[in-house]
Each structure stands twice: as C-alpha cells, then as structure tokens.
Amino acid sequence: MEHQIILSRIHFAFTIMFHYIFPQLTMGLALLIVVLKTVGVTRDDQRYNRAARFWARIFAVNFVMGVVTGIPMEFQFGTNWARFSHLTGGILGQPVTMEGVFSFFMESAFLGLFLFGEQRMTKWQHWGTSVAVFIGSWLSGYFIIMADAWMQHPVAYSITADGQFSPTSFWGLLLNHWGLLEYMHTMSGAVITGSVVMAGLGAFYILSDKHQEAARVFVHVGVIAGLIATLFQVFPSGDAQGRYVAQHQPPTVAAMEGLFQTQKGAPMVVIGQPNPEHLTIQNPIAFKGVLSFLVYGNFSAAVKGLDAYPRSDWPDNIPLVFFSYHIMVGLGTIMMGVMLLSAFLLWKQRLFDCRWALWLLLLCVPFPYIANTAGWVTAETGRQPWIVYGLMRTSEGYSTMVSTGDTWFTLLGFMGLYGLLSILFLFLVQEIIRQGPEAPASAATVAPVSSPG
Amino acid sequence: MPTVWFILVGFMIAAYVVLDGFDIGVGILHIVLGHTDIERRMLLRAIGPLWDGNEVWIIAGGGTLFLAFPLLYASSFSGFYMPLMVLLWLLVGRGVSVAFRTHINSSVWTNFFDVAFSLSSAGLAAFYGAAFANVLRGVPLNSQHFFFEPLWTNFMPGAHPGILDWFTVIAAGVALVALSMHGAIFVALKTSGTMQVRARNAAMLLWGAVVFLAASEILATVLIRPMLKTNYLTHPGWFAVPSGVGVTLLLVLYFLAAGKDRAALYTSAAFLVLMIAGAAIALYPAVLPSSGNPQYSLTIYNAQASPASLRLALYWWLPGMAVAIAYFVFIYRMFRGKSAVYLP
C-alpha cells in the first residue's frame with residue numbers, strides 16, 4: 220500500500236513536471252508576443268512584427284507539446300486518484316471543466332487565426348487574435364490554479380452525508396484568496412521563463428554574430444520584461460504568498476525553512492542540509508531573526524517550528540521541501556541580479572557590446588524552468604501529507620483497484636514516450652532557431668491550413 | 230437534475246464523436262487515400278485548422294463527467310486503467326504527428342509521422358468502440374461500485390470479462406469503419422478531382438462494412454444484454470431512434486451515390502449521434518451496468534455529484550458552452566469550402 224501511494228505520486232509528478240515545461244513558456248510568450256505586436260502595429264516597426272512572427276513559431280511548437288501532455292493530466296485524476304476524484308469532483312470538476320469550456324475552446328479557435336491568418340486580416344484584427352490567445356492561455360492558468368488552490372486551502376465547501384465535498388459559493392471558489400496569490404506568483408514565473416528565454420536566444424544570436432537586428436529586439440524586450448517580472452516575483456508576490464502560507468500551512472513553512480524547533484528570532488537558513496532524523500540543520504549558513512522578520516515584520520518574534528505540530532502532520536519529505544524551496548529562491552535571486560545588471564547596461568547602451576553580460580543572459584536560460592518546477596515541488600510536497608489540506612490525506616486518495624504493476628507499466632510507458640517526444644521537440648526547436656527570425660514562412664515551416672471559402 | 234446532466238454528458242460525447250470522428254477518420258485513411266506527399270498535405274490541410282478544436286470536446290467532456298458524476302469518473306477511469314493509458318499515449322502521438330510532420334522537409338521525417346498518424350488514429354477509433362461496448366456489456370463492479378478490468382481474459386463476455394472480448398472487438402470494428410467512412414466523406418467534401426473520387430469510393434466500400442458490423446453488434450447486444458430492451462419495450466416511441474440509425478445509414482449511401490457530399494456528411498453525423506443516443510436510451514438511468522449483481526450498477530442517482538454542485542455548474546456551463554459553440558460556427562464558416570489543392 221505504502222508503495223502504491225508513492226508510486227502514484229511519482230506517476231503524477233513525472234507527467235505534470237514534464238507537462239509544465241511547455242505552458243510556462245507559452246503563457247509567458249503569449250504576453251510578450253502581445254507586447255511585440257503592440258509595438259509593431261502602433262509604431263509600424265517591422266522589426267517587432269518579424270520578432271512576433273518568429274516567436275509565434277516557437278510558441279506553436281511549445282503549445283502543441285503543452286496540449287498533448289496536458290490531456291493526460293485531466294484523466295489521471297480518475298485513473299490513479301479515484302477515491303480523491305470521487306469525493307472532490309463536485310468542487311474540482313468546476314474549475315477543471317471551466318478551463319475546457321472557457322479557455323481551450325477560445326484558444327483553439329484563435330490560435331489558428333493568429334498563426335496562419337496574418338495575410339487575411341487587417342493588422343489590428345491580427346493584433347486582436349494575439350490578445351485572444353493571450354487571454355485564453357492566462358484564463359486556462361487561472362482555472363487550474365484555482366483547482367490547485369482549493370486543494371491547498373479549501374474554502375466555500377460543505378461535506379455531504381456520503382463524504383463528498385460540495386460547493387457553497389461560486390465566487391468563494393473562484394476568488395479563493397490563496398489562489399489569487401498563487402496565480403500572481405505562477406504567472407509572473409511564466410513571464411520570467413518567457414523573457415529569460417527571449418533574452419537568452421537574443422544573446423545567443425548576438426554572440427554568434429547572426430541576426431543582429433532581430434536579436435537586439437529580443438534582448439531589449441526580454442530584459443525589460445524580465446526585470447519587471449523578477450522584481451515582482453519577490454515583492455509583492457513572493458512576500459505576500461510566503462506570509463499567507465505561514466498563516467495557513469505553518470508546518471509547510473517550517474519545513475521549507477528547515478525550522479525544527481520553535482524559537483524567537485528564528486533564523487533564515489541560506490545554505491544547509493536538514494537532518495530529519497536528528498531534527499537539525501547541518502552546515503548552516505544562517506541569518507538570525509530574518510525569518511521572524513519575513514513572517515511577522517519583527518526580528519525577535521517567535522516562529523513555530525515543526526516541533527509545534529504532531530509528526531503525522533509534517534510533510535513526509537522535509538529535505539525535498541527544503542531544497543526545492545531554496546533552489547527556487549536561489550535561482551530567482553540570481554535571475555533578478557542578472558536582469559538588474561543587464562537592464563543597467565541596456566540603459567547605458569553598452570549591453571550589446573558587453574560579451575560577458577550576454578553570456579550571463581544565455582547561461583540563465585535553464586534557470587527559470589528549474590525555478591518554476593522547484594516552486595511547484597515546494598507547494599505540492601509541502602502540502603503533504605494532505606491531498607486536500609486538513610481534510611483528506613494523500614493516503615486516502617489513490618486508486619486502490621489499480622495494482623503497482625499497472626502503475627509501473629504506465630509510468631515507464633510515459634517515460635519512454637516523453638523521452639522520444641523530447642528528442643523530436645528539441646530537434647524541431649533547434650531547426651527553428653537555426654533558420655532564424657529572417658526565415659520566410661516557407662512550405663516547410665507552415666503548418667497545414669485550408670483556404671477560406 | 231441528474232437527468233439533465235446525463236443528457237449534457239451525452240451531448241458532449243456525441244459532439245466529440247461527430248467532430249473529432251471525421252479527423253480521426255481522415256487520419257485512419259491518411260496513408261491509404263494519400264499516395265504522394267502532396268496528396269497527404271492536402272488531406273492534412275483539410276483538417277489542419279479544425280482537429281485541435283475538435284479534440285477540446287474530449288477535454289471539456291471529461292471535465293463535465295468529473296463534475297457531474299464523480300463516482301462514475303473515478304470508477305470507470307481507474308477500472309479501465311490500462312486501455313485509458315493507451316488511449317492517452319495514442320492521443321499524444323497523434324497530436325504530435327499532425328503538428329510536427331510538415332515542419333521538416335525530409336521524406337524520412339514525414340513518412341514516420343504519416344504512419345504514426347494513421348496507426349494512432351486507427352487505435353483511437355478502435356479504443357472508443359471497445360470502450361463503448363464495455364459500458365453496454367457491463368463491468369464487474371463491487372459493492373463500492375469500483376472494479377478493475379484487465380485488457381483481456383478469455384475473450385468471452387462472461388462474469389469476468391476483459392476489455393477485449395468478441396463482443397467488444399466487434400464494436401471496435403464498428404467504430405473503426407464508421408469513423409473511416411465519416412472521414413472519407415469529409416475528404417470528399419473538402420477535395421475535388423481524383424482525390425474526391427477516391428474518397429467517395431472508399432466511403433461506399435466502408436459503408437458495406439458499417440452495415441454488416443453495426444447490424445451484428447446490435448444483434449449481439451440484444452442477445453447478451455436482453456435487459457437493455459426494457460426501456461424500449463416500456464416506451465415504444467423510442468424505437469424511432471434505432472429506426473433512425475437504419476434510415477440515416479441508407480441516406481448516407483444515397484447521397485454518396487448522388488455525389489451530395491455535404492448531405493452525406495450530415496447524415497453520417499446523424500447516424501453516429503443516433504447510435505450513441507440509442508445506447509444511452511437503452512442504458513438509462515444506468516451509466517455503467519454491473520455484469521454481476523445488478524445492485525452494484527452505477528446509475529445517474531448513485532454516481533451524481535451533490536445537488537449544489539450540479540445546480541451551480543449549470544449556471545456557467547450553459548452560457549459557456551453557448552459561447553464555445555459560437556466559436557465553432559465561426560471557425561467552420563471561416564474554413565468552409567474546398568481546401569486548396571496545392572501548398573505553394
């Protein structure tokens with residue numbers, strides 16, 4: 220039984236982590252493409268229109284990957300988490316279905332027009348389709364975050380006689396305060412991915428002395444958007460969310476910070492290894508009182524450690540929560556530093572000649588992916604041992620009818636299939652990057668469309 | 230209230246089968262009808278702007294099932310675990326095949342995705358048919374309304390059936406030929422010249438197979454699940470629906486022979502909808518019958534979400550779907566007519 224719980228968790232974790240590689244880029248790029256289109260259309264600047272077309276090609280390939288790896292997610296609630304689905308369907312089914320009804324239909328309708336319809340529309344109509352794609356993808360993020368937020372912080376529910384959760388308020392569910400904070404943080408994280416990738420590819424082109432004109436647009440837009448998003452991610456977004464988690468899931472914050480003992484003037488551990496057997500942090504580099512300040516605005520306030528809660532309510536993997544949180548914060552800080560520096564050089568008009576700064580931008584490209592993934596690992600392993608916080612334990616949620624052999628079989632199947640997909644995807648992206656932003660939309664690069672009647 | 234949601238879920242399934250059905254059908258016939266690269270591009274252009282919207286119906290439909298009948302969603306998805314996972318892999322492979330195929334000019338690359346596209350489409354059609362038949366035949370539900378079915382046991386629809394037995398294999402065949410026919414008619418509508426003639430001939434050939442297999446399946450259903458006749462015998466007016474199946478099927482052949490492709494596509498869609506409606510009427514109020522103790526069957530009453538969930542969902546679901554349908558009308562009008570013969 221214990222084995223099946225962990226296996227089902229790994230099954231879901233693997234498929235969703237692979238899935239989220241793609242939406243974080245497409246949601247970020249959707250916004251940046253609107254920015255590029257807006258500049259291109261209002262100033263009639265062809266550099267920006269060309270840039271928008273190029274990023275639409277990258278967007279399209281990532282979008283397809285996001286769609287095909289997203290479909291399994293909706294089914295996996297039922298396949299591997301049947302008891303959880305049975306009891307929560309009346310509530311979680313609402314935002315999950317809203318995503319399909321309100322955003323996927325819209326996205327699928329406008330994406331085709333946006334990608335293949337530029338010649339058939341006025342420039343403002345085409346701009347409008349890019350806005351519709353942006354709204355569709357950001358709405359889709361909203362509904363999914365609201366579903367996750369309910370699992371993190373259940374609100375507006377009652378429990379029926381047979382144990383099912385039932386909604387008591389539509390707006391209560393859709394405006395869950397936890398979800399609003401989580402949404403800001405997630406979307407800002409997606410914008411960071413979009414802008415770091417855009418700036419990084421621009422830096423790559425400049426460093427390899429190719430497509431200079433387009434590359435400067437990429438770096439310019441990427442650095443400005445990246446600066447705004449990385450700053451926003453820390454304050455107000457990260458700060459507000461951290462406090463809210465501290466208020467409503469205190470054991471989670473204690474695990475994130477590696478705080479085993481309740482204490483006044485609680486330290487913030489920058490580096491260290493939690494030892495859950497001896498309840499200590501090894502090799503700590505810590506700043507006393509900083510955690511108290513972050514949570515309560517007072518350096519000597521008492522912060523509750525894990526010892527204040529029964530062991531059965533501790534997250535089951537404290538080192539994983541601790542490390543993923545620290546990786547997220549650490550990489551976020553590095554990206555913020557690089558963006559501050561690049562923005563300063565851009566302002567001084569020295570960035571495009573400053574090779575080491577361009578190298579930094581290029582080397583940052585993997586960081587937002589790792590940081591976003593680590594943030595989700597923090598949130599979802601930090602919520603443990605609950606599948607619905609405080610109401611339903613993860614051990615009560617998995618499908619008892621499915622054997623470990625079946626779960627292994629399909630987990631390995633997903634690994635093989637996604638491994639193959641990764642190779643094909645990277646090959647295609649590499650080809651788009653090699654052709655570069657000046658490539659005409661040739662027969663080889665345009666997806667099939669039929670002509671209007 | 231649960232009856233309303235029974236109809237709405239049925240509507241989602243029917244819309245999905247009719248819409249994604251034609252692009253799945255085109256996919257099955259992709260390597261059969263398309264002999265050259267240009268012809269295959271032509272086929273892909275016909276479904277290019279439509280297939281991905283069509284696929285949203287299964288996502289929205291799955292969500293609606295999760296929302297309205299959580300116990301049915303939980304029980305059937307975990308019980309049909311193995312075939313569902315295979316279905317997911319097929320959906321992934323198929324989506325990638327369509328989207329990636331045209332991006333690189335290399336016959337190795339395109340041939341790989343052409344075959345992957347056809348095989349995954351055929352697999353999907355067969356899966357849907359078999360899944361449908363599993364619901365009609367019933368599954369070994371326990372007292373908690375859960376079950377687990379292996380992919381196959383002894384291929385007999387007895388008390389311990391597998392996903393595949395002779396009954397569900399026939400149904401897989403029905404879906405395979407019916408969706409192929411539906412796709413061939415769509416190709417005939419969207420093309421002209423040689424391809425149109427080829428597609429019409431394929432559709433007529435497939436028509437014969439649809440008649441034979443669908444008739445066998447309906448007969449087999451009555452034989453192995455006689456209780457499915459109950460609703461019809463108590464309300465004989467419903468016999469209009471299965472009669473409609475026969476009528477629409479005859480009309481498909483008539484319109485094909487007359488070269489009226491649009492009418493043929495509509496009647497083929499009506500045929501698919503009536504097949505689903507006929508099964509839904511036979512099952513109601515059950516949604517997943519038990520193959521053993523009838524007490525364990527899942528019905529709209531024991532599988533439904535709380536009344537508050539169902540009431541609340543209706544407020545946003547109906548206007549939301551109205552808007553979604555408006556998008557569809559808009560897109561289909563935008564891309565109506567023949568798809569261009571040659572891609573420059």
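Listed in order, the protein sequences are those of chains B and U. So for the first sequence, this note's numbering puts the first residue at 220; every next one is plus one. So for the second sequence, this note's numbering puts the first residue at 230; every next one is plus one. Just so it is clear, CB atoms sit at the ideal spot from N, CA and C, and this is done for glycine as well. Computed from a prediction, not measured in an experiment: that's the story for all the values here.
Does any CB atom of chain B fall closer than 8 Å to the CB of residue i?
| i | result |
| --- | --- |
| PHE384(U) | no |
| THR450(U) | no |
| SER347(U) | no |
| PRO278(U) | yes |
| TRP234(U) | no |
| TYR483(U) | no |
| PHE415(U) | no |
| THR463(U) | no |
| TRP303(U) | Residue identity check: residue 303(U) is Ala in the sequence provided, not Trp. Chain B contact via Cβ: present. |
Looking only at its own chain, which residues have a Cβ that is under 7 Å from the Cβ of residue i, when we skip the five neighbours before and after it?
| i | result |
| --- | --- |
| ALA432(U) | MET410, ALA413, ILE414, ALA417, LEU485 |
| ALA449(U) | PHE396, ILE399 |
| VAL258(B) | ASP264, TYR267 |
| LEU332(B) | THR348 |
| SER377(B) | SER385, THR387 |
| PRO671(B) | Confidence at PRO671(B) is low in this model, with a pLDDT of 35, below 50, so its placement is unreliable and no value can be given for it. |
| LEU435(U) | VAL406, SER409, MET410, ALA413 |
Where does residue i land, buried or exposed, given buried means 16+ other C-beta within 10 angstroms?
| i | result |
| --- | --- |
| ALA303(U) | buried |
| ALA469(U) | exposed |
| PHE506(B) | exposed |
| ASP252(U) | buried |
| ASP490(U) | buried |
| LEU605(B) | Sequence check: residue 605(B) is Trp here, not Leu. TRP605(B) is buried by the Cβ-count criterion. |
| ARG540(U) | exposed |
| TYR176(B) | Here chain B covers residues 220 to 672 and nothing more, so residue 176(B) does not appear. |
| SER526(U) | buried |
| LEU365(U) | buried |
| TRP674(B) | Lying before the first or after the last residue shown, residue 674(B) is absent from chain B, which here runs from 220 to 672. |
| VAL261(U) | exposed |
| ASN383(U) | exposed |
Which residues in the same chain as residue i place their Cβ atom closer than 8 Å to its Cβ, once the five residues preceding and following it in sequence are excluded?
| i | result |
| --- | --- |
| VAL238(U) | GLY290, THR293, LEU294, ALA297, PHE298 |
| THR471(B) | VAL464, PRO534, VAL540, GLY601, ARG602 |
Would a check of beta-carbon distances place residue i closer than 8 Å to chain U?
| i | result |
| --- | --- |
| GLN203(B) | Outside the displayed span of chain B (220 to 672) sits residue 203(B), for which this structure offers no information. |
| LEU513(B) | no |
| HIS305(B) | yes |
| PRO671(B) | Model confidence at PRO671(B) stands at a pLDDT of 35, short of 50, so the residue's coordinates are unreliable; what they give is reported in the following sentence. Yes, because at least one Cβ of chain U sits closer than 8 Å to the Cβ of PRO671(B). |
| ILE224(B) | no |
| PHE389(B) | yes |
| VAL668(B) | Unreliable positioning characterises VAL668(B) in this predicted model, as indicated by a pLDDT of 42, which lies under 50. The coordinate reading is nonetheless provided below. Yes, VAL668(B) counts as interfacial toward chain U. |
| PRO242(B) | no |
| PHE323(B) | yes |
| PRO386(B) | yes |
| GLN344(B) | no |
| TRP379(B) | The sequence as given places Thr at residue 379(B); Trp does not occur at that position. Yes, THR379(B) counts as interfacial toward chain U. |
| VAL283(B) | yes |
Which same chain residues, not among the five before or five after residue i, have their C-beta less than 6 Å away from its C-beta?
| i | result |
| --- | --- |
| LEU565(B) | VAL442 |
| ALA366(B) | LEU311, PRO314, VAL315 |
| SER388(B) | ALA375 |
| PHE451(B) | SER407 |
Return the residues of the region 523-554 of chain B that lie within a Cβ-Cβ distance of less than 8 Å from chain U, sorted by chain order. none
Pair every Cβ in the region 496-507 of chain U with every Cβ in the region 468-484 of chain U, then say whether three or more of these pairs are closer than 8 Å. yes
What residues from the region 534-552 of chain U come within 9 Å of chain B, judged by C-beta to C-beta, listed N to C? Hits within the stretch, in order: ALA534, SER535, PRO536, ALA537, SER538, LEU539, LEU541, ALA542, TYR544, TRP545, TRP546, GLY549, MET550, VAL552.
Chain-ordered residues of the region 619-639 of chain B with a beta carbon less than 7 Å from chain U: Taking 7 Å as the Cβ-Cβ cut-off against chain U, the residues of the region 619-639 of chain B that qualify are MET620, VAL621, ASP625, THR629, GLY632, LEU636.
Quick one: which residues of the region 323-343 of chain U get their C-beta closer than 7 Å to a C-beta of chain B? List them in chain order. GLY324, VAL325, ALA328, PHE329, THR331, HIS332, ILE333, ASN334
Using a Cβ-Cβ cut-off of less than 7 Å, list which residues of the region 311-322 of chain U approach chain B; keep chain order. MET311, LEU313, MET314, LEU317, TRP318, LEU320, VAL321
If contact is defined by three or more beta carbon pairs under 8 Å, each pair taking one atom from either stretch, is the region 225-235 of chain B in contact with the region 262-269 of chain B? no
When the Cβ atoms of the region 267-285 of chain B are set against those of the region 459-475 of chain B, are three or more pairs found closer than 8 Å? no
Against chain U, which members of the region 285-304 of chain B pass a CB distance test of less than 9 Å? VAL286, VAL287, THR288, GLY289, ILE290, PRO291, GLU293, PHE294, GLN295, PHE296, GLY297, THR298, ASN299, TRP300, ALA301, ARG302, PHE303, SER304
What residues in the region 235-259 of chain U have a beta carbon less than 8 Å from any beta carbon of chain B? none
Can we say the region 365-381 of chain U touches the region 300-319 of chain U, given the rule of at least three CB pairs closer than 8 Å? yes
Could you tell me whether the region 407-419 of chain B touches the region 241-248 of chain B, using the rule of 3 or more Cβ pairs below 8 Å? The answer is yes - the region 241-248 of chain B touches the region 407-419 of chain B, with three or more Cβ pairs under 8 Å.
Count the C-beta pairs between the region 496-504 of chain B and the region 464-480 of chain B that are closer than 8 Å, then say yes if the count reaches three, no if not. The answer is yes - the region 464-480 of chain B touches the region 496-504 of chain B, with three or more Cβ pairs under 8 Å.
Quick check: the region 300-311 of chain B against the region 623-640 of chain B, are at least 3 beta-carbon pairs closer than 8 Å? no
The region 642-658 of chain B: which residues have C-beta closer than 9 Å to a C-beta of chain U, in chain order? LEU643, PHE644, PHE646, LEU647, GLU650, ILE651
Taking a Cβ distance cut-off of 7 Å, strictly less, list which residues of the region 401-421 of chain B are near chain U, in chain order. none
Would you say the region 568-579 of chain B touches the region 618-627 of chain B, given that touching needs at least three Cβ pairs under 8 Å? no
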